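Number of protein chains: 2
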Amino acid sequence: MRCATHPGVVASGDEPTTLRVLLWRRALDPHIGRWSLPGGRLRPDEDVEHSIRRQLAEKVDVKTLAHVEQLGVFSAPARVPGPRVVATAFLGLIPSDVDPVVPEDTSWHDVGDLPRTAFDHQEIVLHARDRLRAKLSYTNVGFALAPAEFTVSALRQLYSAALGYRVAATNLQRVLTRRGALVPTGRTASPGRSGGRPAALYRFAHRDMRVTDPFAVFRPPAPAAGRGSRTRGGTA
Amino acid sequence: MRCATHPGVVASGDEPTTLRVLLWRRALDPHIGRWSLPGGRLRPDEDVEHSIRRQLAEKVDVKTLAHVEQLGVFSAPARVPGPRVVATAFLGLIPSDVDPVVPEDTSWHDVGDLPRTAFDHQEIVLHARDRLRAKLSYTNVGFALAPAEFTVSALRQLYSAALGYRVAATNLQRVLTRRGALVPTGRTASPGRSGGRPAALYRFAHRDMRVTDPFAVFRPPAPAAGRGSRTRGGTA
DNA sequence: CCAAAAGTGTTGGGTTTACACCCATGT
DNA sequence: ACATGGGTGTAAACCCAACACTTTTGG
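Residue numbers (the UniProt record's numbering), protein chains in the order written: chain A, 1 to 236; chain B, 1 to 236.
Structural data, given as structure tokens:
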């Protein structure tokens with residue numbers, strides 16, 4: 001029994017309006033020719049997160065992961081032909097302006113229109129997508145999809161791509177600002193050829209994931225202020 | 001290298017006002033005498049959830065798990081002395097009125113006042129507690145802590161125990177009712193010796209976990225009604 | 001009739017969406 | 001000037017906590 005693989009979902013909100021995932025065309029026997037998530041075996045001297053980061057760096061040259069998060073274990077005895085392989089799945093995000101040089105046999109695929117995948121990798125990708133969508137709502141994960149500096153319109157496109165529906169720039173601005181996730185840099189972008197008011201440039205206040213909307217509904221007495229002491233443990 | 005263990009956090013909201021976890025006093029060499037989570041090795045023909053259910057049934061006679069959920073993988077190379085062991089941690093819940101017969105060398109411990117634990121099991125328990133607290137807010141997991149039928153006061157005690165602070169019966173009632181999680185059975189409980197209005201008995205509408213408060217903040221256009229189409233994928 | 005426990009009405013604060021309106025720039 | 005984006009103001013909807021008040025029982 002192989003001990004563990006780590007399929008990593010490396011996703012990037014792409015300019016057009018889609019969320020994309022990096023897949024690898026299998027050259028080896030089980031499910032040859034199908035698309036699979038990058039990953040590999042866990043070494044005895046590393047933990048699973050270290051392992052997935054190493055796999056992505058070594059095999060597909062992805063070294064700029066802005067955020068990495070564990071999704072869960074996939075362990076159905078028949079998920080892979082032959083001896084059972086336990087996989088720990090991850091979600092990895094890279095900013096939209098990063099375009100790593102990936103090997104010949106890999107390419108980016110629209111998460112909403114996946115090709116035939118190997119093993120249970122489609123299930124894993126969809127799981128990752130749902131996790132990302134959820135966290136966009138109550139955390140600042142957006143920072144992992146956006147460039148260091150961006151306009152609200154650009155951010156709106158990224159959120160729309162990841163969520164799968166159109167979000168309004170107005171509200172995106174206000175919600176993220178009130179939560180203290182968005183900070184104006186003072187600079188502005190120059191308008192396009194067609195004119196229009198120059199857009200202010202923003203950045204995320206933090207570059208590590210935090211819960212920005214703790215939504216505990218049965219909340220403690222609440223001594224403090226603001227949307228206040230709504231307290232909730234992060235969900236993972 | 002052992003391939004995987006599955007520490008299962010079996011928790012129960014207890015009458016007094018505490019959240020408790022079932023721990024096992026180790027009789028074997030590494031960390032002998034310390035308290036550890038029940039669990040064991042994964043068999044080649046079962047998935048991790050099947051495994052943890054089997055372990056709990058076989059070793060501590062816990063067969064009445066109302067809810068089981070994966071927490072994540074713990075894989076630090078030194079988390080256990082000797083060859084590395086990868087563990088998949090679980091949260092399991094049993095209703096407050098169930099009191100399984102457990103072996104001599106196990107007992108229930110207040111999660112807020114844990115004894116010295118083996119390995120990283122304290123971290124796992126606290127992780128489980130946080131997950132439970134989070135899900136009490138936006139799902140109907142309460143069903144897994146409560147008996148089949150209960151009064152709002154009793155439910156209030158369970159929520160207070162699990163959350164670690166006092167929740168008001170009034171709002172608990174209203175929130176769960178609005179969300180469609182709570183249903184009156186029509187029956188009532190007789191008041192105690194000191195009098196008082198007889199309490200109505202309720203039950204949870206569903207006995208499987210569902211997201212009752214999808215809190216997507218950038219939500220889709222919203223064609224429908226109610227707190228409406230706030231849509232979010234479950235986080236797990 | 002009084003105390004005790006349960007349940008309902010009402011108010012107020014906070015958050016978010018929707019939409020109208022003003023601002024700045026290129027042609 | 002006008003079209004084109006960008007940004008702010010404001011109103012309506014919704015949800016939740018707190019608290020007062022009513023209902024139903026035992027002593």
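From the three backbone atoms N, C-alpha and C, an ideal C-beta is built for every residue, glycine too.
For clarity, every value in this text was computed on a predicted model and none was experimentally measured.
In terms of beta-carbon proximity, GLY180 (chain B) stays away from the interface with chain A, with every pair separated by 8 Å or more.
Under the DSSP assignment, SER107 (chain B) falls in the beta strand (DSSP E) whose first and last residues are 106-110. Around the beta carbon of ILE32 (chain B), a 10 Å sphere encloses fewer than 16 other beta carbons of the protein chains shown; the residue is thus reported as exposed.
Interface residue (Cβ-Cβ distance to chain B less than 8 Å): PHE218 (chain A) is classified as such.
Among the residues of chain A, none has a CB under 9 Å from the CB of LEU145 (chain B); the nearest is roughly 13 Å distant.
ARG131 (chain B): member of the alpha helix (DSSP H) spanning 121-138, first to last residue. Straight through space, the alpha carbons of TYR159 (chain B) and GLY142 (chain B) are spaced by roughly 8 Å. For THR88 (chain A), a Cβ of chain B is located within less than 8 Å of the residue's own Cβ. Annotated as distal: GLN122 (chain A) and PHE90 (chain A), with beta-carbon spacing of 8 Å or more. Around GLN70 (chain B), the beta-carbon contacts reaching into chain A at under 7 Å are GLY72 and VAL73. GLY192 (chain B) sits exposed, since fewer than 16 C-beta atoms from the chains shown fall within 10 Å of its C-beta.
Chain-ordered, the chain A residues with CB closer than 7 Å to the CB of SER137 (chain B) read PHE215, ALA216, VAL217, PHE218 and ARG232.
For ASN171 (chain A), the C-beta contacts it makes with chain B under 9 Å involve VAL217 and PHE218, in order along the chain. Within chain A, no C-beta atom comes nearer than 7 Å to that of GLU123 (chain B); the closest sits roughly 13 Å away. DSSP links SER36 (chain A) through a beta bridge to A:TRP24. Listed as beta-bridge partners of TYR202 (chain B) by DSSP are B:PHE150 and B:PRO184. In the three-state reduction of the DSSP assignment, GLY164 (chain B) falls in the coil class, being assigned neither a helical nor a strand state. Taking a C-beta cut-off of 7 Å against chain A, the contacting residues of the segment 144-164 of chain B are TYR159 and LEU163, listed in chain order. At least 8 Å separates the beta-carbon of LEU172 (chain A) from that of ARG187 (chain A). HIS50 (chain B) carries a helical assignment under DSSP once its states are collapsed to helix, strand and coil. Within the DSSP secondary-structure output, VAL68 (chain A) pairs in a beta bridge with A:GLY92. THR170 (chain A): member of the alpha helix (DSSP H) spanning 169-178, first to last residue.
Nearest to PRO115 (chain B) by alpha-carbon distance, out of B:LEU37, B:ALA199, B:VAL211 and B:ALA66, is B:LEU37. Judged by DSSP in its simplified three-state form, ARG41 (chain B) adopts strand. Rounded to the nearest whole angstrom, the C-alpha separation of THR88 (chain A) and ILE124 (chain A) is 10 Å. Taking a Cβ-Cβ cut-off of 9 Å, the neighbours of ALA76 (chain B) in chain A comprise ASP47, given in sequence order. In the pairwise beta carbon analysis, the segment 139-157 of chain B is classified as touching the segment 197-214 of chain B: at least three pairs are separated by under 8 Å.
The closest CA to that of PRO77 (chain A), considering only B:ASP61, B:GLU49 and B:SER75, is found on B:GLU49. PRO30 (chain A) has a beta carbon lying at 8 Å or more from every beta carbon in chain B. PHE74 (chain B) sits in a strand when the DSSP states are folded into three classes. Considering only beta carbons, the part of the segment 79-112 of chain A lying closer than 7 Å to chain B consists of ARG84, VAL86 and THR88, in chain order.
By a beta-carbon distance limit of 8 Å, THR106 (chain B) contacts VAL60 (chain B). Their separation comes to about 6 Å. Residue environment analysis places GLY72 (chain B) among the buried positions, since at least 16 neighbouring C-beta atoms fall within 10 angstroms of its C-beta. Spatial neighbours of SER75 (chain A) in its own chain (CB-CB distance under 6 Å, excluding positions within 5 residues in sequence) are listed in chain order as VAL86. Residue environment for PRO30 (chain A): exposed (fewer than 16 other C-beta atoms within 10 angstroms of its C-beta).
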